[in-house]
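Our numbering puts the first residue of the sequence shown at 3, with every later residue one more than the last.
Notes follow the structure.
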Amino acid sequence: MEVFAAGPTRVMGILNVTPDSFSDGGRWTDLDRAVAHGRELVAAGAAIVDVGGESTRPGAERPSAAEELRRVLPVVEALAAEGTVVSVDTMRADVAAAAVAAGAAIINDVSGGLADPEMLAAVAASGAGYVTMHWRGHSFGMYDQARYHDVVAEVCAELASRVEAALEAGIEPASLAIDPGFGFAKDYSHNWTLLAGLERVEALGYPVLVGVSRKGFLGRPGGLDARPTDRDAATVAVTALVAARRVWAVRTHEVFSQVAAISVAERIRAAGEQG
Ligand code: PMM
Numbered sequence: 003m004e005v006f007a008a009g010p011t012r013v014m015g016i017l018n019v020t021p022d023s024f025s026d027g028g029r030w031t032d033l034d035r036a037v038a039h040g041r042e043l044v045a046a047g048a049a050i051v052d053v054g055g056e057s058t059r060p061g062a063e064r065p066s067a068a069e070e071l072r073r074v075l076p077v078v079e080a081l082a083a084e085g086t087v088v089s090v091d092t093m094r095a096d097v098a099a100a101a102v103a104a105g106a107a108i109i110n111d112v113s114g115g116l117a118d119p120e121m122l123a124a125v126a127a128s129g130a131g132y133v134t135m136h137w138r139g140h141s142f143g144m145y146d147q148a149r150y151h152d153v154v155a156e157v158c159a160e161l162a163s164r165v166e167a168a169l170e171a172g173i174e175p176a177s178l179a180i181d182p183g184f185g186f187a188k189d190y191s192h193n194w195t196l197l198a199g200l201e202r203v204e205a206l207g208y209p210v211l212v213g214v215s216r217k218g219f220l221g222r223p224g225g226l227d228a229r230p231t232d233r234d235a236a237t238v239a240v241t242a243l244v245a246a247r248r249v250w251a252v253r254t255h256e257v258f259s260q261v262a263a264i265s266v267a268e269r270i271r272a273a274g275e276q277g
């Protein structure tokens, strides 16, 4: 799949059409404003816009499938009609199938197919790309699951088994990307250890998506980051470091600075290659 091809790191811009996401909940629930924000993400350099209708914030209540569809589909339709590559952040097979029919190119499933037994078959039948993320359970109580002997080894093993399940369901290897799931059933030190061990996630052999944008573990010690947007600078720092490794994509709220960070990494690479 073209969108998963090797090359410089891409930016996946986040468009949460939810009333309750942790950093942008409630901002883009109106259709016109959501579509306008999607266009802003593209204008800032996002290669993909990730539309989500369910918050995964710890303790968030799940919307019904009908409500999720109501939030997501019109936005997907409008952006895809303009030629934007749209991914849809959903754990539901019905939402995935309807989103692809509305023009989405990728299904971004934070549960890796674990939340809905029909998901992998639905994605395979749709022909869409699939991002499978490391996940151990719904947000309610997910920190009880943050227990590891070796977080990198266990995340890699669990991701590999989700890849296996996706392939068995008929998803093409070239249509798959993987994501270690920063912040999902991971505590502060697990997230940093995973970033330090990203090479081992890459060694699974699939494009890697990194989603750290504004997450709590990026906060500065001493409570200096009162608001999630205060973590944008740390998010850019992570983007620069992982872009130097050419991970497939970073999923971020703020796009413009990530594009700059990726451009810096690419110019250093080019200069090094010239000798
Ligand atoms: N994080 C969130 C939601 N969806 N999808 C992927 N693939 N990876 C992530 O890390 C991820 C995700 C939670 O963040 P948000 O509420 O700001 O969207």
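Backbone N, C-alpha and C define an ideal beta-carbon position, used for all residues, glycine too.
From a predicted model like this one, the values you see are computed outputs, not experimental measurements.
Ignoring anything shorter than 4 residues, give me the alpha helix (DSSP H) runs that lie fully in the stretch 53–138, in order along the chain. 67–83, 95–103, 121–128
Have a look at Gln276 and Val252 and give me their C-alpha separation to the nearest angstrom. 27 Å
Same chain only: Cβ atoms within 6 Å of Phe219, ignoring 5 sequence neighbours per side: Tyr190, Asn193
So, using beta-carbon positions, are Val87 and Val53 closer together than 8 Å? no
Touch test, the stretch 254–265 against the stretch 42–61, Cβ-Cβ under 8 Å, three pairs minimum: yes
For the pair the stretch 56–71 and the stretch 83–103, tell me if three or more CB-CB distances fall below 8 Å. yes
When you measure from the CB of Asn193 to every non-hydrogen atom of the ligand PMM, does any distance come out below 7 Å? No, since every heavy atom of the ligand PMM falls outside the 7 Å radius drawn around the Cβ of Asn193.
Is the beta carbon of Ser113 within less than 7 Å of some heavy atom of the ligand PMM? no
Okay, do the stretch 101–115 and the stretch 129–138 touch, 3+ Cβ pairs below 8 Å being the bar? Judged by Cβ distances under 8 Å, the stretch 101–115 makes contact with the stretch 129–138, as three or more pairs qualify.
Report buried or exposed for Pro10, applying the criterion of at least 16 other Cβ atoms within 10 angstroms of its Cβ. exposed
The ligand PMM and Val125: does the residue's C-beta get closer than 7 Å to at least one heavy atom of that ligand? It does not: the Cβ of Val125 is nowhere closer than 7 Å to a heavy atom of the ligand PMM.
Taking Cβ positions, are Ala106 and Val90 nearer each other than 8 Å? yes
Consider the C-beta atom of Phe184 and the heavy atoms of the ligand PMM; say whether any pair is separated by less than 7 Å. Proximity of the beta carbon of Phe184 to the ligand PMM is indicated: a heavy atom of the ligand is located closer than 7 Å.
Beta-bridge pairing of Val252 - partner residues as DSSP gives them: The partner list for Val252 (beta bridge, DSSP) reads Val13, Val212.
Across which residues does DSSP place Asp22 in a beta bridge pair? Answer is none; Asp22 lacks a bridge partner.
Between Val244 and the rest of its own chain, which residues show a CB-CB distance below 6 Å, the 5 nearest in sequence each way excluded? Contacts found: Val212.
Where do the ends of the alpha helix (DSSP H) carrying Ile173 lie? Taken as a continuous stretch (DSSP letters only), Ile173 belongs to no alpha helix (DSSP H), as it is neither H nor E.
Excluding sequence positions up to five away, which residues of its chain have a Cβ less than 6 Å from the Cβ of Arg138? Gln147, Ala187
Quick check: what's the CA-CA separation for Ala83 versus Val5? 17 Å
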